[in-house]
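Residue numbers (the numbering used here), protein chains in the order written: chain X, 1 to 230; chain D, 1 to 316.
The C-beta atom is built at its ideal place from N, Cα and C for all residues, glycine as well.
Nothing here was measured: the structure is a model prediction, and the numbers come from that model.
Read the structure below first, then the notes.
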C-alpha cells in the first residue's frame, strides 16, 4: 500500500483526479440541463468517464478484473442504456422541458452544498487507510447525493430514472474507491440488474404513453408507477 | 529604473495598440463564418480615429459624472492592463496590486459607466445600467471565487508569482483539476464582463436587448471613442488574464531582448487564438434571455466553488 501513496502525485493520480472531476461535472451538468435528451446524453458521458476512471484505477492498482468492469461499463452504461432511454424519449415525443421543482441556479447551489457535505462525511473514513483512490470516496458520495436530489426534485419520469442511474454510478465509484471494485461476480450481477431495470423503465414508459398521455408521475392516474421508479 | 519605465511604457503601447485588433479579429472571424467578407481586421483603428475627430455633444441634462466617466473608465482599464503580465512575467508594476486589485479596478470603471448611463436620464440608458448592474453583481462572486482557486493552487494572489509558477511547471502539473475548473469559470465570467454573445450582443442595434451599448447611447465624439477603446482594452485584459494564467508557456521569464520578442510573438498568437475561439462561439451560441443569465453565471459560480473544494480535497 505505501507504494500507492507515492503514486498520488504521479501521472496516474492526476489522471484519476481529472477523470473524477469530469465525472462530477457531468453530474452537475445533468442538474443544470433543461432538455430530456441531453440529460440522457450527459448520463452516457458520465458513465464513459466512470469507465475511464475504473480503467486508470485498474492500471494503477493492478486489480485486473476492474478492466472487465470498465469494459462492461462502456458497453452497458455508456452505450446500451442511453440507447434504450433515447428511444423511450423519442417515443414519448416530449417537447416540454425538464420541469424542476426547484429552479436551476438554486438546484446547482444545493448540489454544491451536498458536495461539501459529502466531503465532510468522508473525512473520518479517509484517515483509516492510505489508498490511491482516497479522493474518489468523497466524489462517489457526492454523486450519490446529487442523484438522490435529481430524483426528488424533478417531475418527469425520465429525469428520475437518470437520477437513479446517477446514484448507481456514484455507488460504483464508491466501491472502486474503497475496495478497488467488488468481486467480479457481484459486479456482473449489478450490471445485469441495472440493464434489466433500464429495460423495465423503457417498457414502463411505453406502457404509460399508451395508457395516459403524460409521463409525469405526479399528474398521471398511475401514481404508483412513479413510485416504482426509484 | 529606466528599464522598468521602458517596460511599463512598452506594455502600455501593447495594450493600447493590440486591443482594437482583437475586436477587429473577432468581427472578421464572425464575418467569415457567416460567409461574408467582413471589414478589415484594422477597421476598429479607423473607427476610433474617425470618432476622435468628431465633435462631442453633451446632453444638457447631464452632470459632471457624464463627462468624467470616459476618463475614469479609460484610466482604470489601462491601469488594470498594466497589472497583467502580457509578454513578460515580471511586470514592474506587480508590487502595486494583485489580482484582486485588478478585479476591482475593472469594477470601478463599470460602476462609473452605470452611473453615467443613469445620468442622462434617458430610458434606454437606465435600462442598460440596471442590466449591467445585474450582470456585474452576479459575475463578481464567480470571478472572485475562481481567482481564489487560482491563488490557492499557486500559493499567491500576485499575478507575477502565479504566471511564474505556471510557466515553470510548478503548480499546474500537481493539480490540473482545480485549474481546469477555474479556467471554465473565468472564461464564462470573461464573456459576461466584456459583453460577448451569450450575455450581450456587441453587434446589436436593437435597444431592447442590448446592455453595454444601451449605456453609452448618449456618448459621442472623443468620449465615445474613449469608452469604445476602454471596452476593447477590457476584453484584451481578460484574454491576457486567461492565456497567461492558464497557458503562460512562451512568456519571457528573464529580461533579455530575445526572450521578450519571443514572449511578444507567443502572446499575440495566444490572444489571437482565444479571440478566434470567441468568434466561433459567438456564431454557434444564441444570446440568452436576460432571466436565463443567472443560470449561466450560477454555473460559473458552481465551477469556481468546485475548484476551491477540489483544491482542499486533493491537498487536505
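Selection from X:20, X:161, X:136 that minimises the alpha carbon distance to residue 196 (chain X): In the first chain, residue 196 (chain X) corresponds to position 196, counting from 1. Of X:20, X:161, X:136, the residue nearest in Cα terms is X:161.
Beta bridge counterpart(s) of residue 68 (chain X) as assigned by DSSP: Along the first chain, read from residue 1 onward, the residue named residue 68 (chain X) stands at position 68. Beta-bridge pairing links residue 68 (chain X) to no other residue.
Minimum C-alpha distance to residue 215 (chain D) - residue among D:119, D:29, D:263: On the second chain, position 215 is the one that residue 215 (chain D) refers to. It is D:119.
Residue-level contact to chain D via CB, residue 138 (chain X), 8 angstroms cutoff: Numbered from its first residue, the first chain carries residue 138 (chain X) at position 138. It does: the Cβ of residue 138 (chain X) has a partner Cβ on chain D nearer than 8 angstroms.
Sub-8 angstroms separation of residue 188 (chain D) and residue 297 (chain D) beta-carbons: In the second chain, residue 188 (chain D) corresponds to position 188, counting from 1. In the second chain, residue 297 (chain D) corresponds to position 297, counting from 1. The answer is yes: Cβ separation under 8 angstroms.
Closer than 8 angstroms to chain X by CB, residue 214 (chain D): Translated into positions along the second chain, residue 214 (chain D) becomes position 214. By this cut-off, residue 214 (chain D) is not an interface position.
Environment of residue 230 (chain X) [buried if 16+ CB atoms lie within 10 Å]: Start at 1 with the first residue of the first chain, and residue 230 (chain X) comes out as number 230. The predicted model places residue 230 (chain X) with a pLDDT of 39, which falls under 50 and marks its position as unreliable, so this point remains unresolved.
Burial state of residue 123 (chain X) (16 or more Cβ within 10 Å): Residue 123 (chain X) sits at position 123 when you count from the first residue of the first chain. Result: exposed.
Cutoff 7 angstroms; reference residue 3 (chain X); Cβ partners in own chain excluding five residues on either side: For the purposes of this step, residue 3 (chain X) is taken as residue 3 along the first chain, with counting starting at 1. Only weak support is given to the placement of residue 3 (chain X): the predicted model assigns it a pLDDT of 45, under 50, and the question is left unresolved by the model.
Contact between the stretch 149-158 of chain D and the stretch 72-88 of chain D (3+ Cβ pairs under 8 angstroms): no
Burial state of residue 180 (chain X), where buried means 16 or more other Cβ atoms lie within 10 Å: For the purposes of this step, residue 180 (chain X) is taken as residue 180 along the first chain, with counting starting at 1. With 16 or more other Cβ atoms within 10 Å, it is buried.
For residue 46 (chain D), the nearest candidate out of D:229, D:9, D:5 (CA to CA): Numbered from its first residue, the second chain carries residue 46 (chain D) at position 46. Ranking the options by Cα distance to residue 46 (chain D), first place goes to D:229.
Neighbour list for residue 108 (chain X) in chain D, Cβ cutoff strictly below 7 angstroms: Stepping through the first chain from its first residue, residue 108 (chain X) is reached at position 108. Result: 298, 299, 302.
Three CB pairs or more closer than 8 angstroms across the stretch 96-116 of chain D and the stretch 127-138 of chain D: yes
Buried or exposed by the 16-neighbour rule on C-beta atoms within 10 Å, applied to residue 2 (chain D): Numbered from its first residue, the second chain carries residue 2 (chain D) at position 2. The residue in question, residue 2 (chain D), is exposed, as its Cβ has fewer than 16 Cβ neighbours within 10 Å.
Same chain, Cβ closer than 6 angstroms to residue 310 (chain D), five either side skipped, listed in chain order: Taking the second chain and counting its residues from 1, the one referred to as residue 310 (chain D) is at position 310. 177, 178, listed in sequence order.
Span of the alpha helix (DSSP H) around residue 238 (chain D): Numbered from its first residue, the second chain carries residue 238 (chain D) at position 238. Run containing residue 238 (chain D): 221-246, per the alpha helix (DSSP H) assignment.
Proximal residues to residue 249 (chain D) (C-beta, below 8 angstroms), its chain only, five neighbours per side dropped: In the second chain, the residue the question calls residue 249 (chain D) occupies position 249. Cβ within range, chain order: 167, 266.
Option in D:232, D:56, D:127 with minimal Cα separation from residue 290 (chain D): One-based indexing of the second chain puts residue 290 (chain D) at position 290. Of D:232, D:56, D:127, the residue nearest in Cα terms is D:127.
Residue range of the unbroken alpha helix (DSSP H) whose run includes residue 123 (chain D): Taking the first residue of the second chain as position 1, residue 123 (chain D) is located at position 123. Here the alpha helix (DSSP H) through residue 123 (chain D) covers 123-154.
Residue 291 (chain D) at chain X interface by Cβ criterion, 8 angstroms: Translated into the one-based positions of the second chain, residue 291 (chain D) becomes position 291. It does not; no Cβ of chain X falls within 8 angstroms.
Closest Cα partner of residue 95 (chain D) within the set D:30, D:256, D:226, D:161: In the second chain, counting from the first residue as 1, residue 95 (chain D) sits at position 95. Per the Cα distances, D:161.
Where residue 154 (chain X) falls: helix, strand or coil (DSSP): Locating residue 154 (chain X) in the first chain gives position 154, where the first residue counts as 1. In this structure, residue 154 (chain X) counts as strand in the three-state DSSP scheme.
Every unbroken alpha helix (DSSP H) inside the stretch 53-130 of chain D [4 residues or more]: 64-83, 99-119
Min CB distance residue 294 (chain D) to chain X below 8 angstroms: Working through the second chain from its first residue, we reach residue 294 (chain D) at position 294. At least one chain X Cβ lies under 8 angstroms of residue 294 (chain D).
Distance CB(residue 26 (chain X))-CB(residue 102 (chain X)) smaller than 8 angstroms: Numbered from 1 along the first chain, position 26 holds the residue referred to as residue 26 (chain X). Numbered from 1 along the first chain, position 102 holds the residue referred to as residue 102 (chain X). Going by C-beta atoms, residue 26 (chain X) is not nearer than 8 angstroms to residue 102 (chain X).
Local conformation of residue 252 (chain D) per DSSP, three classes: Your numbering for residue 252 (chain D) matches position 252 in the second chain. Looking at residue 252 (chain D) - three-state DSSP - the assignment turns out to be strand.
C-alpha gap between residue 121 (chain D) and residue 227 (chain D), whole angstroms: Here residue 121 (chain D) refers to the residue found at position 121 when the second chain is read from its first residue. Here residue 227 (chain D) refers to the residue found at position 227 when the second chain is read from its first residue. Rounded to whole angstroms, residue 121 (chain D) to residue 227 (chain D) spans 19 angstroms at the Cα level.
Classification of residue 6 (chain D) by the beta-carbon crowding that lies within 10 angstroms, buried from 16 upward: Here residue 6 (chain D) refers to the residue found at position 6 when the second chain is read from its first residue. With fewer than 16 other Cβ atoms within 10 Å, it is exposed.
Alpha-carbon to alpha-carbon, residue 140 (chain X) and residue 187 (chain X): The residue given as residue 187 (chain X) occupies position 187 in the first chain. The residue given as residue 140 (chain X) occupies position 140 in the first chain. Taking the straight line from one Cα to the other gives about 16 angstroms.
Distance, residue 186 (chain D) Cα to residue 33 (chain D) Cα: Looking up residue 33 (chain D) in the second chain gives position 33. Looking up residue 186 (chain D) in the second chain gives position 186. Rounded to whole angstroms, residue 33 (chain D) to residue 186 (chain D) spans 26 angstroms at the Cα level.
Residue 80 (chain X) vs residue 46 (chain X) beta-carbon contact at 8 angstroms: Translated into positions along the first chain, residue 80 (chain X) becomes position 80. Translated into positions along the first chain, residue 46 (chain X) becomes position 46. Contact flag unset, no.
Any C-beta of chain X under 8 angstroms from that of residue 309 (chain D): The residue you call residue 309 (chain D) lines up with position 309 of the second chain. Output row for residue 309 (chain D): interface = yes.
As assigned by DSSP and simplified to three states, the class of residue 198 (chain D): Indexing the second chain from 1 puts residue 198 (chain D) at position 198. If DSSP states are grouped into helix, strand and coil, residue 198 (chain D) belongs with coil.
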